[in-house]
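In my numbering, the protein residues as written are 4 to 435. Following: one structure in structure tokens, then a few remarks.
Pasting the structure below:
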């Protein structure tokens with residue numbers, strides 16, 4: 004866990020964020036890591052000052068405008084898609100259930116590399132993965148660790164859907180939209196975070212933004228102050244609810260997601276939430292993942308790193324590459340990003356949806372790429388359920404454990420997935 008109160012994490016993480024955004028700060032990153040290891044806080048403060056003076060490289064090839072005018076124009080250009088009203092409730096239910104099931108499938112191996120995931124799957128006899136992962140008494144050779152949630156999120160060790168921030172944000176988003184509807188503002192979202200969700204159940208960019216809110220930083224600055232995680236996956240995992248309540252309207256879903264993303268993210272972090280919201284919205288209307296992915300890609304600014312990654316995966320699929328070749332491409336082209344970054348995880352989400360043959364295969368394929376496996380898997384499960392409905396989620400993965408959700412959101416612990424789906428369908432009808 005990155006400590007948003009400790010410069011030993013914040014300064015090296017900021018240097019890494021800048022390096023991946025076109026700033027030539029490699030030497031400062033190395034110095035920051037050395038200073039962090041030595042707990043040299045004066046040195047870290049000095050490096051922070053130096054980082055602020057480095058200009059972006061003159062040959063940086065990307066254009067990543069994240070101003071409202073640019074993003075609203077992209078969202079407004081997305082056409083509305085016809086939605087089959089008779090099947091919509093089952094598709095929304097499928098999206099919720101798919102998100103919960105897939106999230107649990109990925110939890111124990113969150114943060115592992117692709118090779119570590121492969122080794123663990125082979126050790127537990129699930130290569131490829133077929134369901135929830137058992138907890139081994141000893142780590143297989145070559146696996147550095149399991150996620151801290153493994154003791155309560157592995158097969159046979161949970162009675163309900165294990166609590167996870169990927170699910171908390173979707174639940175909180177439902178409450179906020181029930182409360183505020185189309186008038187929801189970023190300030191409303193900020194108040195809701197503080198009122199409904201504990202600080203310790205937030206992570207990376209969200210925890211940095213939450214810290215800023217407590218310190219009195221204005222809402223339009225919370226994504227920018229002491230937040231090296233502003234392009235990580237945290238905003239993307241908050242997006243699905245906007246797709247659920249605006250089915251077939253990917254542009255409107257993206258506009259509403261922008262209001263949410265502003266609180267904690269910038270650039271590719273923002274683009275990721277808009278993309279995921281549009282993806283889920285489109286998936287509730289179209290028949291195939293390719294259709295949904297193409298629709299969602301249009302909301303991501305051309306010339307951005309995220310657009311390049313998404314187009315790269317779509318191109319590989321179009322030209323007949325195998326899923327293994329696609330995963331190899333992610334490692335080769337996007338392997339420099341932190342395992343929690345938006346760009347690499349969005350590519351893995353796309354791979355699972357494009358090459359997966361059924362729910363389990365799609366989720367397992369994304370998990371097999373490693374990195375933020377519970378978050379990326381949750382989005383794949385959500386989109387797959389939105390495309391195919393509740394009956395597409397294997398009954399053996401639902402059983403008695405994926406009926407109620409453990410949640411840190413106030414007043415929502417052990418809420419039923421069916422109730423979440425019902426309330427979402429009702430809200431989608433109100434907002435239509």
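Backbone N, C-alpha and C fix where the C-beta goes; we use that ideal spot for every residue, glycine too. Every value quoted in this text rests on a predicted model; they were computed, and no experiment measured them.
Any idea what DSSP makes of residue 408, helix, strand or coil? If you number the chain shown from 1, residue 408 lands on position 405. Here residue 408 sits in strand by DSSP.
Is the number of C-beta pairs between the segment 242 to 261 and the segment 38 to 50 that are closer than 8 Å three or more? no
Residue 310: which of 20, 18, 62 and 66 sits nearest, CA to CA? As a working note, residue 310 is residue 307 in the chain shown. Ranking 20, 18, 62 and 66 by Cα distance to residue 310 puts 66 first.
Test item: CB-CB of residue 362 and residue 184 under 8 Å: Here residue 362 is taken as the residue at index 359 of the chain shown, counted from 1. Here residue 184 is taken as the residue at index 181 of the chain shown, counted from 1. No, Cβ-Cβ distance for residue 362 and residue 184 is not below 8 Å.
Starting from the C-beta of residue 431, find all residues in its chain whose C-beta is less than 8 Å away, skip the five residues before and the five after it, and write them out in chain order. Within the chain shown, numbered from 1, the residue matching residue 431 stands at position 428. Answer for residue 431: 91, 95, 247, 248, 249 and 250, listed in chain order.
Measure the alpha-carbon distance for residue 175 versus residue 266 and round it to whole angstroms. Within the chain shown, residue 175 is the residue found at index 172, counting from 1. Within the chain shown, residue 266 is the residue found at index 263, counting from 1. Answer to the nearest angstrom: the Cα atoms are 15 Å apart.
What did DSSP end up calling residue 235 once you bin it into helix, strand or coil? On the chain shown, position 232 is the one that residue 235 refers to. The three-state secondary structure of residue 235, taken from DSSP, is strand.
If we count Cβ pairs, one from each stretch, closer than 8 Å, do we get three or more for the segment 336 to 347 versus the segment 306 to 326? yes
Range of the contiguous alpha helix (DSSP H) that encloses residue 188: Here residue 188 refers to the residue found at position 185 when the chain shown is read from its first residue. Counting along the chain, residue 188 falls outside any alpha helix (DSSP H), and DSSP gives it neither H nor E.
Looking only at DSSP bridge pairs, what is residue 344 linked to? Taking the first residue of the chain shown as position 1, residue 344 is located at position 341. Bridge partners of residue 344 according to DSSP: 235.
Minimum C-alpha distance to residue 323 - residue among 348, 354 and 304: Against the chain shown, residue 323 aligns to sequence position 320. Ranking the options by Cα distance to residue 323, first place goes to 354.
Quick one: Cα of residue 51 to Cα of residue 273, how far? Translated into positions along the chain shown, residue 51 becomes position 48. Translated into positions along the chain shown, residue 273 becomes position 270. Going by the C-alpha atoms only, they are around 24 Å apart.
Going by DSSP in three states, residue 419 sits in which element: helix, strand or coil? Residue 419 sits at position 416 when you count from the first residue of the chain shown. In the structure shown, residue 419 sits in a strand (DSSP, three-state: E or B).
Would residue 83 and residue 252 qualify as a contact pair, given that the criterion is a beta-carbon distance under 8 Å? Start at 1 with the first residue of the chain shown, and residue 83 comes out as number 80. Start at 1 with the first residue of the chain shown, and residue 252 comes out as number 249. Closer than 8 Å, so yes.
Best match in 297, 319, 157 and 375 for proximity to residue 342 [C-alpha to C-alpha]: Your numbering for residue 342 matches position 339 in the chain shown. Nearest of 297, 319, 157 and 375 to residue 342, Cα basis: 375.
From residue 70 to residue 307, what distance separates their C-alpha atoms? On the chain shown, residue 70 is found 67 positions in, with the first residue counted as 1. On the chain shown, residue 307 is found 304 positions in, with the first residue counted as 1. Spanning the two alpha carbons is a distance of roughly 13 Å.
Just how far apart, CA to CA, sit residue 194 and residue 167? If you number the chain shown from 1, residue 194 lands on position 191. If you number the chain shown from 1, residue 167 lands on position 164. Computed Cα separation, rounded: 21 Å.
Residue 384 and residue 395 closer than 8 Å at C-beta: Sequence index remark: in the chain shown, residue 384 carries index 381 (1-based). Sequence index remark: in the chain shown, residue 395 carries index 392 (1-based). Cβ distance not < 8 Å, so residue 384 and residue 395 don't count as in contact.
Of the listed residues 400, 281, 286 and 413, nearest to residue 301 (C-alpha basis): Residue numbering aside, residue 301 sits at position 298 when the chain shown is read from its first letter. Nearest C-alpha to residue 301: 281.
Which of the three DSSP states, helix, strand or coil, is assigned to residue 283? By one-based count along the chain shown, residue 283 stands at place 280. In the structure shown, the three-state DSSP call for residue 283 is helix.
For my contact list, residue 129 and residue 136 are in at a C-beta cut-off of 8 Å; report their separation, rounded to the angstrom. To locate residue 129, count along the chain shown from 1; it is residue 126. To locate residue 136, count along the chain shown from 1; it is residue 133. Right, the Cβ-Cβ distance comes to about 7 Å (below 8 Å), so this counts as a contact.
Per DSSP, what are the beta-bridge partners of residue 164 in this structure? Walking along the chain shown from the start, residue 164 turns up at place 161. BP columns for residue 164 point to 408.
Applying the 10 Å Cβ sphere with the 16-neighbour rule, what's the burial state of residue 377? One-based indexing of the chain shown puts residue 377 at position 374. It counts as buried.
Check the Cβ-Cβ distances between residue 355 and every residue of chain C, and say whether any is below 8 Å. As a matter of chain content, chain C is missing from the structure shown, which is built from one protein chain.
In this structure, does DSSP put residue 302 in helix, strand or coil? Stepping through the chain shown from its first residue, residue 302 is reached at position 299. Of the three classes helix, strand and coil, the one that applies to residue 302 here is coil, per DSSP.
Buried versus exposed call for residue 228 [16 or more other C-beta atoms within 10 Å across all chains shown]: Taking the first residue of the chain shown as position 1, residue 228 is located at position 225. Flag for residue 228 reads exposed.
Check whether the segment 104 to 119 touches the segment 146 to 156, taking contact to mean three or more Cβ pairs, one atom from each stretch, closer than 8 Å. yes
Suppose the cutoff is 6 Å on Cβ atoms and the five residues either side in sequence are ignored; what does the same chain contact list for residue 379 look like? Within the chain shown, the letter at position 376 stands for residue 379. Cβ neighbours of residue 379 within its own chain (closer than 6 Å, five residues either side excluded): 348, 351, 352 and 369.
Enumerated in chain order, which unbroken segments of the alpha helix (DSSP H) with a length of 4 residues or greater are wholly contained in the segment 364 to 401? 376 to 391 and 398 to 401
Could you tell me the distance, in whole angstroms, from the CA atom of residue 225 to the CA atom of residue 212? Reading the chain shown from its first residue, position 222 is the one you call residue 225. Reading the chain shown from its first residue, position 209 is the one you call residue 212. Near 5 Å, if we compare the C-alpha coordinates of residue 212 and residue 225.
By how many angstroms is the C-alpha of residue 202 removed from the C-alpha of residue 6? In the chain shown, residue 6 corresponds to position 3, counting from 1. In the chain shown, residue 202 corresponds to position 199, counting from 1. Their Cα atoms are separated by approximately 12 Å.
Measure the Cβ-Cβ separation of residue 357 and residue 400 and say whether it is below 8 Å. If you number the chain shown from 1, residue 357 lands on position 354. If you number the chain shown from 1, residue 400 lands on position 397. Cβ atoms of residue 357 and residue 400: not closer than 8 Å.
Ordered along the chain, which non-local residues of its own chain (more than five positions away) have a Cβ less than 8 Å from that of residue 270? As a first step, residue 270 is located in the chain shown; it is residue number 267 there, counting from the start. For residue 270, where only same-chain residues beyond five positions count, the Cβ hits under 8 Å are 24, 67, 69, 233, 234 and 307.
In or out: residue 325 buried (at least 16 other Cβ within 10 Å) or exposed? Start at 1 with the first residue of the chain shown, and residue 325 comes out as number 322. Looking at its Cβ environment, which holds fewer than 16 other Cβ atoms inside 10 Å, residue 325 is exposed.
Tell me which residues share the same chain as residue 366 and place their Cβ nearer than 6 Å to its Cβ, disregarding the 5 neighbours each side in the sequence. Residue 366 sits at position 363 when you count from the first residue of the chain shown. So the qualifying residues of the chain are 105, 108, 380, 383 and 384.
Answer yes or no: do residue 276 and residue 329 have a C-beta to C-beta separation smaller than 8 Å? In the chain shown, counting from the first residue as 1, residue 276 sits at position 273. In the chain shown, counting from the first residue as 1, residue 329 sits at position 326. Not closer than 8 Å, so no.
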